[in-house]
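Worksheet for the structure shown next.
Residue numbers (this note's numbering): 1 to 264.
Have a look at this one:
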């Protein structure tokens, strides 16, 4: 009697390392696959509003902290903005669980490439790979499990910040100045369209990003604005020539207080 072996138990061929972690998994039949049973899906937590914008020193990326499940607030402190590597960041809106898995795979891909090649993937190369990951989720998107990211980073080759948007079929688009997506994305974009200027310094950019999220929260019930009493503030990072920096709650508390005080 013969027995077939599970491919995951076979030794991997390490004689020809592949710079793409996803290609390596595919070559050995280990590509992760997600599937959902047919039928009505229950309400699952979804992240809402994220945005990014260029400023004088680089790019800032921010997201509110609320996740909703149908008409219910599912979580009040969800992280939506993540470091992709030392010089880039990714933010996600849509189905929260799928988004976290997509980000983990993206982070692993960038780390794997750097270890094998001894250098970082170009910023445009990172955006292209993220588009591929989004495209691979298309069957789930047709079932309502949609993940739509934003990507930004500091381009060491050109010496300035760049940002990219994506659609559900994996289309990738470079934006010149700012971008926003999620349930409150339209309101955030409208606010930025009326107030954005590219010559802002970091403090001014953080203030504008926070104010755009507040403007979105005032119109969109799925977007959570800053909550000073509960110490809930946006999830914010900056990326400059010095690398990625997560903005602390102490700094954001003062910015949020000033923004809320100045709102009509």
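For every residue, glycine included, the Cβ atom is placed at its ideal position computed from N, Cα and C.
Mapping DSSP to helix, strand and coil, what is residue i?
i	result
residue 162	strand
residue 244	strand
residue 147	strand
residue 238	strand
residue 68	strand
residue 92	strand
State the CB to CB distance for the pair residue i and residue j, rounded to an integer number of angstroms; the pair is presumed to be in contact (CB under 8 Å).
i	j	result
residue 214	residue 263	6 Å
residue 156	residue 87	7 Å
residue 60	residue 154	About 11 Å; that fails the 8 Å criterion.
From what residue to what residue does the alpha helix (DSSP H) around residue i run?
i	result
residue 214	202 to 219
residue 82	Taken as a continuous stretch (DSSP letters only), residue 82 belongs to no alpha helix (DSSP H), being part of the beta strand (DSSP E) at 81 to 85.
residue 157	Careful: residue 157 lies outside any alpha helix (DSSP H) and carries neither H nor E.
residue 113	96 to 117
residue 194	185 to 195
Give me the DSSP bridge partner(s) of residue i.
i	result
residue 233	Paired residue(s): none; residue 233 is not in a bridge.
residue 352	Because the chain in this structure spans residues 1 to 264, residue 352 falls outside the shown range and cannot be described.
residue 120	None; residue 120 has no bridge partner.
residue 63	50, 235
residue 181	50
Could you tell me the distance, in whole angstroms, from the CA atom of residue i to the CA atom of residue j?
i	j	result
residue 229	residue 77	14 Å
residue 67	residue 150	17 Å
residue 136	residue 258	42 Å
residue 55	residue 82	19 Å
residue 97	residue 79	12 Å
residue 73	residue 224	9 Å
residue 221	residue 63	15 Å
residue 4	residue 101	Note that residue 4 scores a pLDDT of 42, beneath 50, so its modelled location is shaky; the value from the coordinates is reported in the next line. Computed Cα separation, rounded: 30 Å.
residue 123	residue 112	15 Å
residue 175	residue 236	19 Å
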